[in-house]
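Final position of the sequence shown in the working numbering is 256; the numbers increase by one with none missing.
The beta carbon of each residue, even a glycine, is placed where N, CA and C say it ideally should be.
Treat the numbers as computed from the prediction; the structure is a model and nothing was measured.
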Amino acid sequence: MAPSPLLTPFTLADDLKLKNRMVLSPMTRGRTGDMQRPDKMTAQYYVQRASAGLMITEGTLISPVANGWVGAPEIYSKSATIAWKEVTDAVHAAGGLIFCQLWHCGRASHSSFHTKEGKAVAPSAIAIDEPTIHSPIGKVPHEVPAPMTVDQIKETVADFERAAANAKAAGFDGVEIHGANGYLIDSFLQTKTNKRTDEYGGESLENRFRFLKEVTEAVLKVWPASRVGVRLSPNGVYNDQVCLRGGGRGRGCSWGWAPCGGCSACIRKLPHFCST
Ligand SMILES: Cc1cc2nc3c(=O)[nH]c(=O)nc-3n(C[C@H](O)[C@H](O)[C@H](O)COP(=O)(O)O)c2cc1C
C-alpha cells in the first residue's frame, strides 16, 4: 500500500528537506516559570514531537518589554540562549527540525510583566477591549499601552535581529516571526489598533506594513530567506482584533476556537496558505 501523502518527504527549500508533511504549530506552553528559560521538560516536550517534519516552538520573547504571557520563554539573554541549545541538540539527536517563533506581545501585556520598563507598548494608545489579562499578579484589567516612539520602533527591530542571532547560536534550524493574533506586529498591520500619523501607520497599507518589513529585513541579515517564516492572521479575532469576513467559524487562518476566521478574499488567492 502506498504511504499516506502526509508521511512523504517535502522539500520546503533546497536546503530544508522535511521527512514528512506534518508541522507542529507554535503553541505557548507557559511552563518556564519566572526564569523564562527552557529546561529538561521543554526538551522532552519537543523530543516527543520530533517525528514531525518540522516544529515551530512556542512564542519566544525577544526582549523584556515583549513579555505578556506568564511562563513564556525568552531568547534575548545569553543564559536562555544556552538553555535553548540543549533543547535543539536533543531535537536534532532525535532526528527533528525546529524553528524558533520570535514573539513580542505588544499591548497584550501589562506593566507587572516588566516593572522596570513600565507600560506595555503598541503602535497607538488603545487598550484591548476585554475584561482582564492574566498577569504575574493575577487577573487584572487591561492597561492603555504606551504608543511607541520611532526610536522605540527601531530598538524593537534591533531586538528582533538580536533574538534571531541568538536563535542561530542556540542551534535552531530557522525562525518564524510572530506577526499574528493581535500581538505587536499584527497591531501595526491592523487599522483598528494602528492610528499613527507617521510613516508607521494610518490608512496607508505600506505604512502599517513598514514595521514588519523592517523586522523581516533585520532577521534576514542573520538567516537566509529559506529559514525565515512570517506568521499572519488577517482574520483572527484573538486579542480584540477585527475579522475581515464576518460570520462562520473558519479553518486554517486563525485560532481554532475563534468565532470567525474564514479566509479573506486576498488570502483565498494564495492556495498554499488556505484550506477553505
Ligand atoms: C494552547 C495554544 C497555544 C498557542 N500558542 C501559540 C503561539 O505561541 N504562537 C502562535 O502563533 N500560535 C499559537 N497558537 C495557535 C496555534 O498555533 C494554531 O494556529 C491554532 O491552535 C489553530 O490550529 P488548530 O485549528 O489546529 O487548533 C496556540 C494555540 C493553542 C491551542
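Open item on the list: Between which residues of its own chain and K201 is the CB-CB distance below 7 angstroms, once the five residues before and five after are set aside?
Closed with: In chain order, E141 place their CB closer than 7 angstroms to the CB of K201, counting only its own chain and leaving out the 5 sequence neighbours on each side.
Open item on the list: For a test of your reading of the model: does the CB of W64 fall under 8 angstroms from any non-hydrogen atom of ligand 1? Yes or no.
Closed with: The beta carbon of W64 sits no closer than 8 angstroms to any heavy atom of ligand 1.
Open item on the list: Using C-beta distances below 7 angstroms, list every residue in its chain close to A(-7), excluding the 5 sequence neighbours before and after it, in chain order.
Closed with: Hits under 7 angstroms: S206.
- [ ] Check whether the Cβ of A160 sits closer than 8 angstroms to any heavy atom of ligand 1, and report yes or no.
- [x] Indeed, a heavy atom of ligand 1 lies less than 8 angstroms from the Cβ.
TODO: Using beta-carbon positions only, say whether C85 and W49 come within less than 9 angstroms of one another.
DONE: Yes, the pair counts as a contact, with Cβ atoms nearer than the cut-off.
- [ ] Taking only heavy atoms of ligand 1 into account, decide whether any of them is closer than 8 angstroms to the Cβ of M7.
- [x] M7: yes, Cβ under 8 angstroms from ligand 1.
- [ ] Let me know if M15 comes out buried or exposed under the rule of 16 or more other beta-carbons within 10 Å of its beta-carbon.
- [x] By the C-beta density criterion, M15 is exposed, having fewer than 16 other C-beta atoms within 10 angstroms.
Open item on the list: Looking at V208: is its Cβ nearer than 9 angstroms to the Cβ of G154?
Closed with: Closer than 9 angstroms, so yes.
Open item on the list: Please classify I62 as buried or exposed, where buried requires at least 16 other C-beta atoms within 10 Å of its C-beta.
Closed with: With fewer than 16 other beta carbons inside 10 angstroms of its own, I62 counts as exposed.
TODO: Could you have a look at E123 and say whether DSSP puts it in helix, strand or coil?
DONE: Of the three classes helix, strand and coil, the one that applies to E123 here is coil, per DSSP.
Task: Boundaries of the alpha helix (DSSP H) in which S167 is found, first to last residue - done: 164 to 169 is the extent of the alpha helix (DSSP H) around S167.
TODO: Determine the burial state of D166: buried for a count of at least 16 other Cβ atoms within 10 Å of its Cβ, exposed for fewer.
DONE: Sixteen is the threshold: when 16 or more other Cβ atoms of the shown chains lie within 10 Å of the Cβ of D166, as they do, the residue is buried.
Open item on the list: Excluding the 5 residues flanking V67 on each side, which residues of the same chain have their C-beta closer than 7 angstroms to its C-beta?
Closed with: Excluding positions up to five away in sequence, the list reads P18, T22, A23, Y26.
TODO: Quick one: using the 10 Å Cβ neighbour count with 16 as the cut-off for buried, is L34 buried or exposed?
DONE: L34 comes out buried.
Task: DSSP state of V3 mapped onto helix, strand, coil - done: Looking at V3 - three-state DSSP - the assignment turns out to be strand.
TODO: Flag this pair as yes or no: are the beta carbons of S89 and V45 separated by less than 9 angstroms?
DONE: The answer is yes: Cβ separation under 9 angstroms.
Open item on the list: When you measure from the CB of Q170 to every non-hydrogen atom of ligand 1, does any distance come out below 8 angstroms?
Closed with: Using a cutoff of 8 angstroms, the CB of Q170 does not count as near ligand 1, since none of the ligand's heavy atoms is closer than that.
Open item on the list: Output needed for V120: all residues of its chain with C-beta closer than 8 angstroms, excluding positions within five of it in sequence on either side, in chain order.
Closed with: These residues qualify, in order along the chain: H90, S92, T112, I113.
TODO: Count the other C-beta atoms from every protein chain shown that fall within 10 angstroms of the C-beta of Q132, then say buried if there are 16 or more, exposed otherwise.
DONE: Taking all protein chains shown into account, Q132 has fewer than 16 neighbouring C-beta atoms within 10 Å of its C-beta and is therefore exposed.
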